[in-house]
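Counting with my numbering, you get residues 953 to 1515 for the letters of the sequence shown. No residue lacks a Cβ here, since even glycine has one placed at the ideal position from N, Cα and C. This structure is a prediction, so every number in the text was calculated from the model and none was measured.
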Amino acid sequence: MTLGLSVRVFETGTDVGGTWYWNRYPGARFDSESYSYGYSFSKELLEEWNWSEHFSGQPETLRYLNYVADKFDLRKDIQFSSRIASAAFDEVEGSWEVVTDEGTRSRARFLITAVGPLSAHTLPKIEGRDSFEGFACHTARWPHEPVDFTGKRVGVIGTGATGVQVIHEVAKTAGRLTVFQLQPNFCAPLHNSVIDERTQREIHASYPEIFDKCRASHGAFIHQADPRSALEVSAEEREALWEKLYSEPGFGIWMGNFNDIFVNEESNALMTEFIIRKIRERVSDLEIAEKLVPKDHGFGTRRVPLETQYYEVYNQDNVELVDLNENPIDRIAPRGIRTRLAEYELDIIIYATGFDAITGAFDRIEIRGEEGTTLKEKWANGPRTYLGLQSAGFPNLLTLVGPHNAATFCNIPRCIEQNVEWVTDLVRYMRDKNYTRVAATLEAEDEWTGHVYDIASLTLLSKTASWFTGVNLNLPKKGPRSRNLPDTPNTRLPPTLSGGCDGSVAPGLESGLVCWDFLTRRNEFPVPRSQGLPPPPSSPRVRRLPRRGLQEPAVSSRSPLRR
953 MTLGLSVRVF
963 ETGTDVGGTW
973 YWNRYPGARF
983 DSESYSYGYS
993 FSKELLEEWN
1003 WSEHFSGQPE
1013 TLRYLNYVAD
1023 KFDLRKDIQF
1033 SSRIASAAFD
1043 EVEGSWEVVT
1053 DEGTRSRARF
1063 LITAVGPLSA
1073 HTLPKIEGRD
1083 SFEGFACHTA
1093 RWPHEPVDFT
1103 GKRVGVIGTG
1113 ATGVQVIHEV
1123 AKTAGRLTVF
1133 QLQPNFCAPL
1143 HNSVIDERTQ
1153 REIHASYPEI
1163 FDKCRASHGA
1173 FIHQADPRSA
1183 LEVSAEEREA
1193 LWEKLYSEPG
1203 FGIWMGNFND
1213 IFVNEESNAL
1223 MTEFIIRKIR
1233 ERVSDLEIAE
1243 KLVPKDHGFG
1253 TRRVPLETQY
1263 YEVYNQDNVE
1273 LVDLNENPID
1283 RIAPRGIRTR
1293 LAEYELDIII
1303 YATGFDAITG
1313 AFDRIEIRGE
1323 EGTTLKEKWA
1333 NGPRTYLGLQ
1343 SAGFPNLLTL
1353 VGPHNAATFC
1363 NIPRCIEQNV
1373 EWVTDLVRYM
1383 RDKNYTRVAA
1393 TLEAEDEWTG
1403 HVYDIASLTL
1413 LSKTASWFTG
1423 VNLNLPKKGP
1433 RSRNLPDTPN
1443 TRLPPTLSGG
1453 CDGSVAPGLE
1463 SGLVCWDFLT
1473 RRNEFPVPRS
1483 QGLPPPPSSP
1493 RVRRLPRRGL
1503 QEPAVSSRSP
1513 LRR
């Protein structure tokens, strides 16, 4: 659908691709089935593109995204090599001024962020990090040229999803691979394979069913949870299902499991013990196997890395595991890494140390709303949003896949499309009604944020320190078990907006969208509360909110979107 608006996209990279542009490290690939990950908005695109593998690797994914950009002539509206330093809302003009790090200024009626939940990479605060004389880089800033590991001494710091992928690839050719592990994760087999011609035809014929299945699942994957509790079946039935899921491709072992694995500690403990047995079966050295078993969380309460022969890597003679709990890193030296007990000479250091998840990319831009309040200041104790798409005091700022909106527990492209469709409907509605401003009310924001926390509190995920809950040990300011809860399962955007600001937002949540004209402040839609919502104040003060409650966007009169 074409809205006829003038649009300018600012992109830090030199070309399209997003996460698949930056994350070029060896082994990078989908953990969602390829055909569930690609765009669904164009039937022609679906018919034209053939995925070669069930779980596409980074090079093919980047080719796909370039194909999409070429097909729809998207590059004409994208300004590459442009990092945004700040954005400020002009209350008089009712528009946003966006400034690049080179000082270029642009103005727009709407500011839509698509900064990604995992884009602000983090490096460990280790003394001497800049003194290393060999090649070193973070996986999210991998060079465009291939890196040859043949015969090299390689160190990998980190064993999250990225570390698991890169470790397996490096181990194939490195002369010596040393893995520095602080927190192991429960991993499950990917079982990737090539898509043959018959399966390709079946995929193309069943795209509507594939996307319907994604829409119906709680994580937007093709895997549906088993409706039973793990405790209501016999031990034999449990074991049979778990063996089946463990032998099948993809996230079935995580998303297609018994329906109480995420909420019942006893069920989760049984599942966890099954996975622990699998680790012990696959690693020949029992002492190493125990180091690879997480002690601080149950299976699936962190995002599960999918792997290909990852555990078998530790059976190789050229691979060594260093447990940083027993032998922490003291410093990085010019020729390698010094731990408390040893020194490891290295040619290459790979930092697989993760991201300042969800809010990190927002924090790195100075985003100022009404009365000059910054988004970082407002979210200092955790993000406060309405639908994960707006935050009170920041009119016309729409945050696609932002905090509290499927930024973690989701097959991201499916949730991005849902967000884009919702925002498109809203902007079209505003255009048709001659409104120019939309801003979340404090009440609706508080209600939605409370709703997110309430749902999260029912799950075991909220009790586990992970990037799901805003924790990265490279960010001591957040620390373990932070109050910052960036996102939770089952809080994707409510399915209908019914065209815009009409109060039909979500069952149990009164509408916080108040549509109004910027010049006259004419409020068209009364909100279904006993006293309704007041018109938006001329300069609402952002206040610290209690745990429960939330508010929605307010809108004003249309004018062309200005670059």
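Pick from the options that is closest to residue i, judged by C-alpha positions
i       : options                               : result
Val1271 : Ala1140, Tyr1262 and Arg1366          : Tyr1262
Gln1176 : Arg1015, Asn1211, Tyr1405 and Asp1384 : Asn1211
Asp1100 : Thr1125, Gly969 and Gly1204           : Thr1125
Thr1253 : Leu1298, Thr1013 and Met1207          : Met1207
Ala1039 : Ser994, Asp983, Leu1075 and Arg1316   : Arg1316
Ile1289 : Thr1091, Asn1424 and Phe1087          : Phe1087
Val1390 : Pro1179, Phe1226 and Arg1061          : Arg1061
Pro1286 : Phe1084, Met1382 and Ile1228          : Phe1084
Gly1115 : Leu1350, Val1372, Val1265 and Leu1410 : Val1265
Glu1218 : Trp1194, Ser1181 and Glu1191          : Ser1181
Gly1345 : Thr1388, Lys1328, Thr1311 and Ala1392 : Ala1392
Leu1425 : Glu1259, Gly1204 and Phe1307          : Phe1307
Arg1366 : Arg1336, Ser992 and Ser1071           : Ser992
Gly1107 : Ala1396, Gly1402, Pro1179 and Leu1298 : Leu1298
Ala1113 : Asn1216, Arg1255 and Glu1045          : Arg1255
Ala1523 : Val1020, Ile1364, Asn1348 and Arg1320 : Shown here, the chain extends from 953 to 1515; a query on residue 1523 therefore has no answer.
Tyr989  : Tyr1381, Gly956 and Cys1166           : Cys1166
Val1215 : Leu1413, Gly956, Arg1015 and Gln1010  : Leu1413
Arg1035 : Lys1247, Asn1144 and Glu1318          : Glu1318
Leu1197 : Val1118, Pro1141 and Arg1015          : Pro1141
Gly1334 : Thr1411, Ala1172, His1143 and Pro1355 : Pro1355
Spatial neighbours of residue i in its chain, beta-carbon cut-off 7 angstroms, leaving aside the 5 residues before and after
i       : result
Glu985  : His1006, Phe1007, Ile1174 and Gly1202
Ile1231 : Ala1241, Leu1244, Val1245 and Tyr1263
His1073 : His1090, Ala1092, Arg1093 and Phe1307
Leu1017 : Val968, Gly969 and Trp972
Pro1179 : Asn1211
Pro1489 : For Pro1489, the predicted structure reports a pLDDT of 30, less than 50, and the residue's modelled location is therefore unreliable. The matter cannot be settled from this model.
Glu1121 : Pro978 and Gly979
Cα-Cα separation between residue i and residue j, rounded to whole angstroms
i       : j       : result
Ser1236 : Ile1078 : 32 angstroms
Thr1111 : Tyr1303 : 10 angstroms
Val1146 : Ile1109 : 31 angstroms
Gly969  : Phe1251 : 31 angstroms
Phe1361 : Ile1300 : 33 angstroms
Val1375 : Thr954  : 13 angstroms
Ser958  : Thr1052 : 19 angstroms
Gly1127 : Asp1269 : 10 angstroms
Val1185 : Ser1199 : 20 angstroms
Ser1047 : Arg1027 : 24 angstroms
Arg1105 : Leu1273 : 14 angstroms
Phe1138 : Gly1204 : 14 angstroms
Leu1449 : Thr1401 : Low confidence applies here, because Leu1449 scores a pLDDT of 33, under 50, leaving its location unreliable and the question unanswered by this model.
Asp1042 : Asp1148 : 55 angstroms
Ser994  : Glu1000 : 10 angstroms
Tyr1381 : Ile1155 : 35 angstroms
Assigned exposure category for residue i - 16 Cβ within 10 Å defines buried
i       : result
Asp1398 : buried
Asp1029 : exposed
Gln1342 : buried
Ala1092 : buried
Thr1065 : buried
Asn1209 : buried
Asp1406 : exposed
Asn1002 : exposed
Thr966  : exposed
Glu1329 : exposed
His1249 : buried
Asp1022 : exposed
His1403 : buried
Gly1312 : buried
Leu1258 : buried
Asn1267 : exposed
Glu1239 : exposed
Own chain, CB closer than 6 angstroms to residue i, minus 5 neighbours either side, in chain order
i       : result
Tyr998  : According to the sequence as given, residue 998 is Leu; it is not Tyr. So the qualifying residues of the chain are Tyr1159.
Glu963  : Ile1030 and Phe1032
Met1223 : Ile1213 and Phe1251
Ser1418 : Arg1254
Any non-hydrogen atom of the ligand FMN closer than 7 angstroms to residue i Cβ
i       : result
Lys1077 : The model depicted lacks the ligand FMN and carries no ligand whatsoever.
Neighbourhood of residue i by C-beta distance below 8 angstroms, restricted to the same chain and skipping five residues each side
i       : result
Lys1415 : Thr1253
Asn1277 : Leu1134
Leu1352 : Ile1064, Thr1065, Ala1066, Leu1341, Ile1368, Asn1371, Val1372 and Val1375
Inter-stretch contact (C-beta, 8 angstroms, three-pair minimum) for the region 1130-1139 and the region 1320-1332 = no
At least 3 beta-carbon pairs within less than 8 angstroms: the region 1071-1091 vs the region 1272-1289 | yes
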